[in-house]
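Enquirer: FYI, the numbering used here numbers position 164 of the sequence shown as 162, with every residue one higher than the one before it.
Yeah, the Cβ is synthetic: ideal placement off N, Cα and C, and Gly gets one too.
Sharing a structure below in structure tokens format, with a few things to ask.
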Amino acid sequence: LKDVNSSPQTTGNIVLVGADELRTACSKAFQCAGTPKRDADLAAESLVDSNLRGIDTHGVIRLAKYVRGLKKGTINPRPKVKVTHSALATIQIDGDNGLGSVVASRAMRELIRLCKRTGVAAVGIHSSNHYGTVSYYLLKAAAQGLIGIGFVHGESLQAPFGGTEPFFGTNPLAFVFPAPGTPIVVDFATSATTFGRIMQARALERSLPEGTALDKQGNATTDPSQAVRILPAAGHKGYGLALAVEVFSAILNGCPFGPHVPPVFRDDIEEPGRLGHFFLAIDPRFFCGIDPFSAGIGRMVRELHESKPAPGFETVMVPGEPENRTYTERIRLGIPLSPDLWDTIQRLACT
Ligand SMILES: NC(=O)c1ccc[n+]([C@@H]2O[C@H](COP(=O)([O-])OP(=O)(O)OC[C@H]3O[C@@H](n4cnc5c(N)ncnc54)[C@H](O)[C@@H]3O)[C@@H](O)[C@H]2O)c1
């Protein structure tokens, strides 16, 4: 593969598209659906960043669904995102049913500003929509030397431990720690798999790992075309974490929880998602101080890297490293997309 240049390259059955070109196309697609350019650029940036970090399940593959929501009016293309309440260290934000990435980006800007004054600050958001990966927003805090913690709920897909009916969403949680070099990024769903991975397995006609999904009748399945419910990660542990994420994201913000969340990804649904998000930021300067914190994190990372790898592993990695490696590679080579997906994006971009 050659370094990516200004025009996409086709290699076998994938197209390698440069990040700038993909961002421009996605932004145009959002603008064609009525989103102002500034917000369209923000939303495009969050999608392309996921692909750059190798999280393809939450990248540009989601564009068509967002655009459909904007055109149908289930997502507001011109939201008036506003701070409805703020106190010493807390902010409450009304997302006015805007694109989740637009609402969450605004919330994170407010949070960073407040946390630098207070040392610890939290923002709760209501009336928002799906926003992609949690760490995308927390990385903005880490870039300012802050620790970021985030939770988000979603439409009901995950069966509780011991149950068969969907209740919670895949409810990811994330922790991002500023570190010498690149931040540490812990970011995953509390479920055994995600809907994005099921969609990917369907497209690639691959089976799902055992113990991750249930069919319509509540029976275990590895067939992605039958998988409609997802099991918690690590049994009761993932279940407990999914519940905690639901409380922070939904209940604390006065949003519908679990099975009451409108299933926005179904084509026949006409009502807004009304999702909640929660972010917490912590400034290490208010605790041990930035230098000891940095030194401690640096030492921990070094010692983890030096620890002996298990058979089959080249090295022990720190969370965030796999995505950093992919980022470096994709900035150089381009983002691999199926030709169908690239065609769809260009069509949505009205080009
Ligand atoms: N918005 C939503 O509703 C929603 C729902 C579910 C998931 N998501 C997002 O989807 C993304 C993927 O979720 P997932 O559950 O598939 O994540 P995953 O199972 O791929 O785990 C990813 C995490 O594990 C770390 N990791 C992976 N391999 C590692 C290794 N060898 N050593 C050390 N760390 C390693 C990664 O750095 C990352 O922190 C997340 O960014 C999440 O926020 C969003």
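Please state whether DSSP places ASN169 in a helix, a strand or coil.
Expert: As a working note, residue 169 is residue 171 in the sequence shown. In this structure, ASN169 counts as coil in the three-state DSSP scheme.
Enquirer: Taking the alpha carbon of ALA354 as the point to measure from, which residue in ALA27, VAL65, GLY146 and TYR129 has its own alpha carbon closest?
Expert: Outside the modelled stretch of the chain, which goes from -1 to 349, sits residue 354, for which no answer is possible.
Enquirer: By a C-beta neighbour count over all protein chains shown, 10 Å radius and 16 as the cutoff for buried, is VAL65 buried or exposed?
Expert: Taking the first residue of the sequence shown as position 1, residue 65 is located at position 67. Buried, because 16 or more other Cβ atoms sit within 10 Å of the Cβ of VAL65.
Enquirer: Can you list, in chain order, the stretches of the beta strand (DSSP E) that have 3 or more residues and sit fully within the region 86 to 141?
Expert: Runs found: 88 to 92 and 118 to 126.
Enquirer: Below 6 Å CB to CB, which residues in the same chain sit around LYS0 once its five sequence neighbours on both sides are set aside?
Expert: The sequence position of residue 0 within the sequence shown is 2, counting from 1. Residue confidence is low: LYS0 scores 42 on pLDDT, short of 50, so the model does not pin down where it sits. No coordinate-derived value is stated.
Enquirer: Assign ASN3 to buried or exposed, taking buried as 16 or more other Cβ atoms, counted over all protein chains shown, within 10 Å of its Cβ.
Expert: Counting from one through the sequence shown, the residue named residue 3 turns up at place 5. Residue confidence is low: ASN3 scores 44 on pLDDT, short of 50, so the model does not pin down where it sits. Its coordinate-derived value is still stated next. By the neighbour-count rule (16 or more Cβ atoms within 10 Å), ASN3 is not buried but exposed.
Enquirer: For GLN154, which three-state DSSP category applies?
Expert: The residue labelled residue 154 in the question sits at position 156 within the sequence shown. Residue 154 is actually Ser in this sequence, not Gln. SER154: coil per DSSP, three-state reduction.
Enquirer: In the DSSP assignment, find the unbroken beta strand (DSSP E) run with PRO334 in it and report its ends.
Expert: The count along the sequence shown starts at 1 and reaches residue 334 at position 336. Start and end: 333 to 335.
Enquirer: DSSP three-state call for ILE53: helix, strand or coil?
Expert: Numbered from its first residue, the sequence shown carries residue 53 at position 55. Residue state, collapsed to three classes: coil.
Enquirer: If I measure Cβ to Cβ from PRO307 and keep anything under 8 Å in the same chain, skipping five residues before and after, which residues do I get?
Expert: Your numbering for residue 307 matches position 309 in the sequence shown. THR313 and VAL314, listed in sequence order.
Enquirer: Note down, in chain order, each residue of its chain lying with its Cβ closer than 6 Å to the Cβ of THR8, except the 5 sequence neighbours on either side.
Expert: By one-based count along the sequence shown, residue 8 stands at place 10. Contacts found: none.
Enquirer: Kindly identify the DSSP beta-bridge partner or partners of LEU14.
Expert: Taking the sequence shown and counting its residues from 1, one reaches residue 14 at position 16. DSSP output for LEU14 lists GLN7 and PRO334 as bridge partner(s).
Enquirer: Could you name the residues of the same chain whose beta carbon sits closer than 7 Å to that of ARG200, not counting the 5 residues immediately before and after it, in chain order?
Expert: Within the sequence shown, the letter at position 202 stands for residue 200. Cβ neighbours of ARG200 beyond the five flanking positions: PRO222 and SER223.
Enquirer: Can you grab the Cα-Cα spacing for the pair PHE285 / ILE89, in whole Å?
Expert: Numbered from 1 along the sequence shown, position 287 holds the residue referred to as residue 285. Numbered from 1 along the sequence shown, position 91 holds the residue referred to as residue 89. Approximately 22 Å, taken between the alpha carbons.
Enquirer: Grab me the residues of ALA248's own chain with a C-beta within less than 6 Å of its C-beta, minus the 5 sequence neighbours each way, in chain order.
Expert: Here residue 248 refers to the residue found at position 250 when the sequence shown is read from its first residue. Hits under 6 Å: HIS151, PHE255 and GLY274.
Enquirer: Consult DSSP for GLY318 and reduce its assignment to one of helix, strand or coil.
Expert: Counting from one through the sequence shown, the residue named residue 318 turns up at place 320. Coil at GLY318, not helix or strand.
Enquirer: For the beta strand (DSSP E) holding ASP185, just list the boundary residues, first then last.
Expert: Sequence index remark: in the sequence shown, residue 185 carries index 187 (1-based). Start and end: 182 to 186.
Enquirer: Which residues in the same chain as PHE149 place their Cβ atom closer than 6 Å to its Cβ, once the five residues preceding and following it in sequence are excluded?
Expert: One-based indexing of the sequence shown puts residue 149 at position 151. Excluding sequence neighbours, PHE149 sits near LEU171, VAL243, PHE246, SER247 and PHE276.
Enquirer: Once DSSP output is grouped into helix, strand and coil, what is the label at ARG227?
Expert: On the sequence shown, position 229 is the one that residue 227 refers to. It is a strand residue.
Enquirer: For ALA354, I'd like the list of residues in its chain whose CB is within less than 6 Å of its CB, leaving aside the five on either flank, ordered along the chain.
Expert: Examination of residue 354 is not possible in this model, given that the chain is present from -1 through 349 alone.
Enquirer: Assuming ALA31 contacts PRO75 under a Cβ cut-off of 8 Å, what Cβ separation, rounded to an integer in Å, is found between them?
Expert: In the sequence shown, counting from the first residue as 1, residue 31 sits at position 33. In the sequence shown, counting from the first residue as 1, residue 75 sits at position 77. With a Cβ gap of about 6 Å, ALA31 and PRO75 count as contacting.
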